[in-house]
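A short write-up of the structure that comes next.
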Amino acid sequence: MSSFPGRMKEYSTISIDRFDKENLHARAYFLSHCHKDHMKGLKGPLLKRKLKFCLTVRLYCSIVTKELLLSNRKYAFWEEHIVALELDSPTHISLIDEVTGESEDVVVTLLPAGHCPGSVMFLFEGAQGTVLYTGDFRLAVGDAARMEHLHSGDRVKDIKSVYLDTTFYDPRFYQIPSREACLIGIKELIQDWISQSPYHVVWLNCKAAYGYEYLFTNLGEEFASQVHVNSLDMYRKMPEILSYVTTNRATQIHACRHPKDEELFRANRLPCGCTSPDGTPLRIISIKPSTMWFGERTRKTKVIVRMGGSSYRACFSFHSSYSEIKDFLSYICPVNIYPNVIPLARTVEEDIQAQALPEIVPIVQTSCYMDCTESNDDEDDEDEEGELLNSKPSVLPARHSSDPPSPKKAPPTWATFFKAEPVLTDESSELDNSQSSQALSTYHTTSQSPELFDEDDESESVHMTSSQSTHISDGGTETPSQLDTVPVQAELDSAAQSSKQNKIQTNQKPENDPHRPIEKEPAVRKDQSEGTDCTEAMSDSQVSSDFDLPQTPGSKAPHNDELKELYKKLASGEEVITRRGQQGSVCHHHSKK
DNA sequence: GCGATCAGTT
DNA sequence: CACAACTGATCGC
1 MSSFPGRMKE YSTISIDRFD KENLHARAYF LSHCHKDHMK GLKGPLLKRK LKFCLTVRLY
61 CSIVTKELLL SNRKYAFWEE HIVALELDSP THISLIDEVT GESEDVVVTL LPAGHCPGSV
121 MFLFEGAQGT VLYTGDFRLA VGDAARMEHL HSGDRVKDIK SVYLDTTFYD PRFYQIPSRE
181 ACLIGIKELI QDWISQSPYH VVWLNCKAAY GYEYLFTNLG EEFASQVHVN SLDMYRKMPE
241 ILSYVTTNRA TQIHACRHPK DEELFRANRL PCGCTSPDGT PLRIISIKPS TMWFGERTRK
301 TKVIVRMGGS SYRACFSFHS SYSEIKDFLS YICPVNIYPN VIPLARTVEE DIQAQALPEI
361 VPIVQTSCYM DCTESNDDED DEDEEGELLN SKPSVLPARH SSDPPSPKKA PPTWATFFKA
421 EPVLTDESSE LDNSQSSQAL STYHTTSQSP ELFDEDDESE SVHMTSSQST HISDGGTETP
481 SQLDTVPVQA ELDSAAQSSK QNKIQTNQKP ENDPHRPIEK EPAVRKDQSE GTDCTEAMSD
541 SQVSSDFDLP QTPGSKAPHN DELKELYKKL ASGEEVITRR GQQGSVCHHH SKK
């Protein structure tokens with residue numbers, strides 16, 4: 001769950017994925033994807049009112065996100081204020097203060113995030129440096145290298161800060177099976193089941209959130225059928241999704257939902273109530289997509305787990321694993337890393353502090369991130385079994401250096417979800433309980449034994465239970481909403497105009513940036529281990545017991561009082577250097593050669 | 001009655 | 001069993 005307060009240190013007049021409280025004063029808004037925890041305040045009356053007076057305020061997002069957002073009427077009032085941007089198209093934006101007229105320019109580029117349809121990362125470039133807000137993301141190892149706009153020429157851009165999806169930023173979540181592997185497991189399970197008879201059906205127990213669409217499309221493709229869902233409205237303009245989903249219940253694959261669906265399932269009913277035409281009871285299995293993770297040295301990774309009876313869990317993750325995050329970071333080598341997800345259960349006392357902690361605190365400041373893992377074997381948390389595949393380098397993906405970025409290669413498979421071509425759509429039925437069930441077709445007589453999926457029960461170290469508490473007290477001292485009811489300066493919305501093909505050069509080096517990385521070579525060789533001075537530590541205030549990251553060597557934990565002061569300063573927008581005791585320490589980036 | 005928040009569930 | 005959302009209780013306006 002995102003706990004990003006909305007604003008970044010470098011470009012504080014814009015708000016991202018957060019629309020309440022202080023964010024009401026932003027000059028521009030950005031939405032990385034359409035999940036509720038990133039839309040806090042977005043339908044609020046305060047914001048609605050602001051839009052009436054602030055004529056230059058816009059909401060920037062991907063085309064798909066705009067489509068999904070507007071498919072919910074509660075956000076319809078945004079329609080005239082949304083600027084939908086193409087992926088990978090640097091766009092100039094003027095951030096205008098409508099009161100003073102002062103203005104700041106940034107160039108934003110949307111990068112595919114692979115988290116759900118329409119999800120993007122925002123790359124901002126301007127006078128305050130290049131910063132990346134990742135939103136939530138699921139990228140595979142090596143994906144960063146394939147993103148053209150992270151590069152300038154044949155080297156990685158100097159990235160000052162990254163605001164990072166830290167959901168699984170913990171060595172416990174070292175690996176999560178790839179999308180492809182998960183898909184294969186799910187396909188096998190489904191194949192084995194539905195091929196037994198037309199009465200064998202599967203229910204995909206998906207949560208009410210975007211992100212399962214690629215499952216639907218792949219399964220639809222694989223089994224030459226469509227997946228039953230509750231509604232098609234949101235996909236109205238997304239033909240490549242639309243063609244694989246249906247509201248017709250006569251299919252063997254369901255992803256429909258009902259408030260009591262689990263209960264219904266236990267009674268051998270589908271959420272939609274579908275039954276077979278001839279009264280033969282359906283044989284239903286449920287498959288619940290859920291995240292499964294494995295330690296660094298775990299050899300086999302089960303992708304399907306039988307829960308007993310006819311329910312299964314299938315591996316599925318919306319977020320990158322620890323090793324995927326590491327790979328991403330080690331490639332882009334940001335100077336600062338700020339967590340977007342702070343998973344900790346605070347004590348009451350800490351909660352008090354938290355009220356004054358609206359701002360993000362860097363968890364890492366270093367000019368060389370990688371190699372850090374070399375030194376500390378992040379508590380070998382429970383990868384008991386020594387196994388092969390202990391290729392240490394896996395932490396630090398080898399390739400890079402000599403590998404010139406290959407932006408040509410197909411970026412994260414989700415590219416297709418970023419298209420939203422208008423398409424004529426019919427409206428579809430509702431839940432008319434009863435008939436309408438044409439005979440279930442597709443009768444595969446290939447009966448098979450149900451034992452495909454990874455069935456290695458050798459002590460595998462799977463999931464641990466931790467408490468990724470979603471209770472992070474809402475940062476931000478509530479300030480009386482000084483709703484800027486300001487005179488409107490009908491400044492042309494040239495601001496909102498996309499001047500595409502602005503291949504901006506990113507060699508701007510903000511002069512007054514104390515954190516400025518020293519001539520960074522993006523490409524990182526992973527062989528030398530000079531990284532002992534690299535830091536990998538969360539600000540103590542942010543560290544939950546779940547994370548236990550080693551503290552920066554040579555640094556000391558600030559006391560509560562110090563932290564309080566710091567938070568106050570941050571809250572007031574005062575410039576604060578939060579650099580943590582690692583002054584002279586530098587991770588030299590060796591040239592790629 | 002609406003919305004925000006929290007606790008509990010899934 | 002790890003996401004993200006829904007439900008219901010409570011509180012305030």
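Counted from 1, the first sequence has number 147 at position 147 by the UniProt record's numbering; the numbering is strictly sequential.
Even glycine gets a Cβ: it sits at the ideal position worked out from N, Cα and C.
Can you check whether the CB of residue j is closer than 8 Å to the CB of residue i?
| i | j | result |
| --- | --- | --- |
| residue 681 | S62 | This structure does not reach residue 681, given that the chain is present from 1 up to 593, and the question cannot be answered. |
| Y338 | T280 | no |
| Q252 | V303 | no |
| F318 | H38 | no |
| R299 | V305 | no |
| T109 | D143 | no |
| L139 | F328 | yes |
| M292 | V64 | no |
| Q196 | T301 | no |
| S15 | N23 | yes |
| D17 | S2 | yes |
| F316 | P277 | no |
| residue 623 | F77 | This structure leaves residue 623 out entirely; the chain is present only between 1 and 593. |
| N268 | I284 | yes |
Helix or strand or just coil, what does DSSP make of residue i?
| i | result |
| --- | --- |
| Q175 | strand |
| N218 | helix |
| T246 | strand |
| S3 | coil |
| C256 | coil |
| P334 | coil |
| R146 | helix |
| P198 | coil |
| V423 | Only weak support exists for where V423 lies, its pLDDT of 29 falling under 50; the value from the coordinates is given anyway. Note: V423 maps to coil in three-state DSSP. |
| P117 | coil |
| W293 | coil |
| residue 599 | Nothing about residue 599 can be read from this structure; the chain reaches only from 1 to 593. |
| S323 | helix |
| L270 | coil |
| H159 | Note on identity: in this sequence residue 159 is Ile, with His being the wrong assignment. Three-state result, I159: coil. |
| D76 | Note that residue 76 is Ala in the sequence shown here, rather than Asp. Of the three classes helix, strand and coil, the one that applies to A76 here is helix, per DSSP. |
| D192 | helix |
Using only alpha-carbon positions, find the residue among the options that is nearest to residue i.
| i | options | result |
| --- | --- | --- |
| I325 | H25, T217, F168 | F168 |
| L42 | N268, E296, D327, Y75 | Y75 |
| D97 | R27, V120, L51 | R27 |
| V156 | K260, E221, T130, R58 | T130 |
| N336 | E79, Y163, M1 | Y163 |
| V141 | Q196, A113, I159 | A113 |
| F30 | T134, F53, P45 | T134 |
| T100 | S178, C54, D158 | C54 |
| K260 | S197, Q128, N205, I287 | N205 |
| F294 | S178, A250, S2, F137 | S178 |
| S311 | L264, S152, R18 | L264 |
| L219 | N248, A255, R249, Y210 | A255 |
Under 7 Å Cβ to Cβ from residue i, same chain only, skipping five residues before and after it: list those, please.
| i | result |
| --- | --- |
| V106 | Y11, I93, L95, F124, E125, G126 |
| T166 | P339, N340, V341 |
| S243 | none |
| T13 | A26, R27, L95, E104 |
| A208 | R257 |
| Q508 | Confidence is the limiting factor: at Q508 the pLDDT is only 31, short of 50, which leaves the residue's position unreliable and the question unanswerable from this model. |
Which residues in the same chain have their Cβ closer than 8 Å to the Cβ of residue i, if we skip the five residues on either side of it in sequence?
| i | result |
| --- | --- |
| S246 | Note that residue 246 is Thr in the sequence shown here, rather than Ser. Excluding positions up to five away in sequence, the list reads Q226, V227, H228, V229, L232, S428. |
| E221 | Y244 |
| I241 | P117, E213, F216, T217, Y235, F417 |
CB-CB under 6 Å to residue i, same chain, minus the five flanking residues each way: which ones, in chain order?
| i | result |
| --- | --- |
| I82 | L59, K66 |
| I190 | V202 |
| S71 | D233, M234 |
| E80 | none |
| L69 | C34, Y75 |
| K187 | E222 |
Measuring from the CB of residue i, is there a heavy atom of the ligand ADP at a distance below 7 Å?
| i | result |
| --- | --- |
| I186 | Within the structure as shown, the ligand ADP is missing, as the structure has no ligands at all. |
Taking contact to mean at least 3 C-beta pairs separated by less than 8 Å, is the region 146-162 in contact with the region 265-283?
No, the region 146-162 does not touch the region 265-283.
Three or more C-beta pairs below 8 Å linking the region 183-198 and the region 215-224:
Yes, the region 183-198 is in contact with the region 215-224.
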